[in-house]
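*Asks:* Each number in the working numbering comes from the position in the sequence shown (counting from 1) with 47 added on. Dumping the structure here so I can ask a few things about it.
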Amino acid sequence: MKERVIQLDYLKGIFILLMVTFHLALVEETYPLLREAVYTFHMSAFLIISGYLANVEKTPREFVYGLLRLLVPYVLFESLYILMQYFLGSSLGTHNAIAGLTPSDFVMRVATMPTGPYWYIHTLFLCTVVYWLIYRVLKLSGIGAMALMGLLLYGLSLLIEGLDWSNVIYFMIGVFILRSSRTFMQVITPSWLALLPLIVLLWFPENYDRGSLAGIAITVLVVSLLLALFPHCARVVTGMLAYIGRNSLAIVLFSPVFTLATKQVAPYFSFDASGVCFAVLALALIVSCCLAGAWVCDKLHLSPFIFFKKRFYIPFT
Numbered sequence: 048m049k050e051r052v053i054q055l056d057y058l059k060g061i062f063i064l065l066m067v068t069f070h071l072a073l074v075e076e077t078y079p080l081l082r083e084a085v086y087t088f089h090m091s092a093f094l095i096i097s098g099y100l101a102n103v104e105k106t107p108r109e110f111v112y113g114l115l116r117l118l119v120p121y122v123l124f125e126s127l128y129i130l131m132q133y134f135l136g137s138s139l140g141t142h143n144a145i146a147g148l149t150p151s152d153f154v155m156r157v158a159t160m161p162t163g164p165y166w167y168i169h170t171l172f173l174c175t176v177v178y179w180l181i182y183r184v185l186k187l188s189g190i191g192a193m194a195l196m197g198l199l200l201y202g203l204s205l206l207i208e209g210l211d212w213s214n215v216i217y218f219m220i221g222v223f224i225l226r227s228s229r230t231f232m233q234v235i236t237p238s239w240l241a242l243l244p245l246i247v248l249l250w251f252p253e254n255y256d257r258g259s260l261a262g263i264a265i266t267v268l269v270v271s272l273l274l275a276l277f278p279h280c281a282r283v284v285t286g287m288l289a290y291i292g293r294n295s296l297a298i299v300l301f302s303p304v305f306t307l308a309t310k311q312v313a314p315y316f317s318f319d320a321s322g323v324c325f326a327v328l329a330l331a332l333i334v335s336c337c338l339a340g341a342w343v344c345d346k347l348h349l350s351p352f353i354f355f356k357k358r359f360y361i362p363f364t
């Protein structure tokens, strides 16, 4: 079990680093096709893991308390992000600057149209609620439970703009793996053989659609390949990636602010047409600042009020 958890944290670490990297404007502009390829699988795989790890075997009180760990940080950070895009978006030159914002617009954005990477927490919250209602309140199981969960979430995706059905699919894949009474790696097995079909699928850009069967195949094949790579990586590398993966929520929450800040220094890296120097330094800076932000919240005793945890930051072990 310990080995399995380490491998899942390792995967989360890789995918959260890809999320940060391809939210850098300079990287997006320099490698648009690579960005589309990565967007096909990085958060899709993250949602599979999230669905697999989602725990609904709780009492109502425990479950509500767990939901608050998602809801309160989401509302707080999404609200700050919306206000930042409204007041500073134009001056910072962001592509999603908000020109006008009324109180009702603000509430609707937070409730139904999350911006930045916060859509992930919004999606995870809604999917987890429906998951709990099906399996704990209605006490359903088997194919019928999965079908009803899919039907309810599909209906919500039609009503809530920020809930994308393609993202729901991946959460449900994770739930299906868990409910199959098999471990994650028994279903998505580590294999170097994943490389060949992955290359074939990635060769054709029309496959870069995470809501398609090709997108699902690409996601599963990437996970299989990364799991095959895991035992061949140096322990310090897998340890660092697992450390980042364990703190992935902090990176999701804090990274938009630091990503915007690094955009202001991008012009100073014009000497490197590849954008690699900027990407490496910006990634290291953003992740370090996110981890530091989580650590500061713990030291200032803010974590119990914002994240409903005594300790939000998980140290390197």
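Yeah, the Cβ is synthetic: ideal placement off N, Cα and C, and Gly gets one too.
Less than 8 Å separating the beta-carbons of Gly98 and Met193?
*Replies:* Their beta carbons are not under 8 Å apart, which means Gly98 does not touch Met193 by this criterion.
*Asks:* Would you mind sorting Asp56 into buried or exposed? The rule is 16 or more other CB atoms within 10 Å of its CB.
*Replies:* By the neighbour-count rule (16 or more Cβ atoms within 10 Å), Asp56 is buried.
*Asks:* Does the region 160-172 come close enough to the region 299-307 that 3 or more CB-CB pairs lie under 8 Å?
*Replies:* Yes, since at least three Cβ pairs between the region 299-307 and the region 160-172 fall closer than 8 Å, the two stretches touch.
*Asks:* Which two residues bound the contiguous alpha helix (DSSP H) that contains Asn294?
*Replies:* Unbroken run through Asn294: none, as it is neither H nor E.
*Asks:* Taking Cβ to Cβ, would you say Glu83 is nearer than 8 Å to Met160?
*Replies:* No. Outside cutoff.
*Asks:* Could you check where the alpha helix (DSSP H) with Val122 kicks off and where it finishes?
*Replies:* It spans 107-134 - the alpha helix (DSSP H) in which Val122 sits, taken as one unbroken run.
*Asks:* Quick check: what's the CA-CA separation for Met66 versus Ile333?
*Replies:* One C-alpha to the other measures close to 12 Å.
*Asks:* Please report the straight-line C-alpha distance between Thr77 and Ala289, rounded to a whole angstrom.
*Replies:* The alpha-carbon atoms of Thr77 and Ala289 are separated by roughly 29 Å.
*Asks:* CA-CA distance, Leu210 and Phe93?
*Replies:* For Leu210 and Phe93, the distance between alpha carbons rounds to 16 Å.
*Asks:* Give me the Cα-Cα distance between Gly322 and Glu75, rounded to the nearest whole angstrom.
*Replies:* Approximately 10 Å, taken between the alpha carbons.
*Asks:* Locate the alpha helix (DSSP H) running through Cys324, then write down its first and last residues.
*Replies:* Its alpha helix (DSSP H) spans residues 323-346.
*Asks:* Going straight from the alpha carbon of Phe62 to that of Val85, what length do you get?
*Replies:* Rounded to the nearest angstrom, the two C-alpha atoms are 9 Å apart.
*Asks:* Three or more beta-carbon pairs under 8 Å between the region 337-355 and the region 307-315, yes or no?
*Replies:* Output reads no: the region 307-315 does not touch the region 337-355.
*Asks:* Three-state secondary structure (DSSP) at Lys59?
*Replies:* Reduced to three states, the DSSP call for Lys59 is helix.
*Asks:* Would the region 263-280 count as touching the region 222-241 if we require 3 or more Cβ pairs under 8 Å?
*Replies:* At 8 Å Cβ cutoff, the stretches touch.
*Asks:* Does the beta-carbon distance from Gln54 to Phe277 come in below 8 Å?
*Replies:* A contact, by the Cβ cut-off of 8 Å.
*Asks:* Report the three-state DSSP secondary structure of Cys174 (helix, strand or coil).
*Replies:* DSSP places Cys174 in helix when its eight states are reduced to three.
*Asks:* Using only CA atoms, which one of Ala101, His169, Met155 lies nearest to Tyr178?
*Replies:* Looking at the Cα atoms, Ala101 is the closest of the given residues.
*Asks:* Cα-Cα, which of Arg358, Leu249, Arg156 is closest to Phe124?
*Replies:* Selected option, being the one with the closest Cα: Arg156.
*Asks:* Should Cys324 go down as buried or exposed, given a rule of 16 or more other Cβ atoms within 10 Å for buried?
*Replies:* Cys324 comes out exposed.
*Asks:* Confirm, please, whether the CB-CB distance from Tyr112 to Phe355 is below 8 Å.
*Replies:* Yes, Cβ-Cβ distance for Phe355 and Tyr112 is below 8 Å.
*Asks:* Is it right to say Ser317 is buried, meaning 16 or more other beta carbons lie within 10 angstroms of its own, or is it exposed?
*Replies:* Label assigned to Ser317: exposed.
*Asks:* Could you have a look at Thr364 and say whether DSSP puts it in helix, strand or coil?
*Replies:* Coil.
*Asks:* Using C-beta distances below 7 Å, list every residue in its chain close to Leu187, excluding the 5 sequence neighbours before and after it, in chain order.
*Replies:* Excluding positions up to five away in sequence, the list reads Ile181, Leu195.
*Asks:* Quick one: what does DSSP say Asp319 is sitting in, helix, strand or coil?
*Replies:* If DSSP states are grouped into helix, strand and coil, Asp319 belongs with coil.
*Asks:* For Leu249, count neighbouring Cβ atoms within 10 angstroms of its own Cβ and tell me buried if that reaches 16, exposed if not.
*Replies:* Burial call: buried.
*Asks:* Threshold first: 3 residues or longer. Then list the beta strand (DSSP E) segments lying entirely within the region 137-218, N to C.
*Replies:* With a minimum length of 3 residues, no continuous beta strand (DSSP E) run stays inside the region 137-218.
*Asks:* Report the CB separation of Leu203 from Leu173 in whole angstroms; it is logged as a contact under 8 Å.
*Replies:* 6 Å between Cβ atoms; contact.
*Asks:* Would you check if the distance between the CB atom of Ala91 and the CB atom of Thr236 is smaller than 8 Å?
*Replies:* The sequence as given places Ser at residue 91; Ala does not occur at that position. No; because the gap between Cβ atoms is not below 8 Å, this pair is not in contact.
*Asks:* In three-state DSSP terms, what is Val312?
*Replies:* DSSP places Val312 in coil when its eight states are reduced to three.
*Asks:* Exposed or buried, what is Leu200 when buried is set at 16 or more other beta-carbons lying within 10 Å of its beta-carbon?
*Replies:* Result: buried.
*Asks:* Looking at the unbroken alpha helix (DSSP H) that takes in Pro79, where does it start and where does it end?
*Replies:* Its alpha helix (DSSP H) spans residues 79-100.
*Asks:* My understanding is that Val299 touches Ile168, with C-beta atoms under 8 Å, so please give their C-beta distance in whole angstroms.
*Replies:* About 7 Å separates the two Cβ atoms, so the contact holds.
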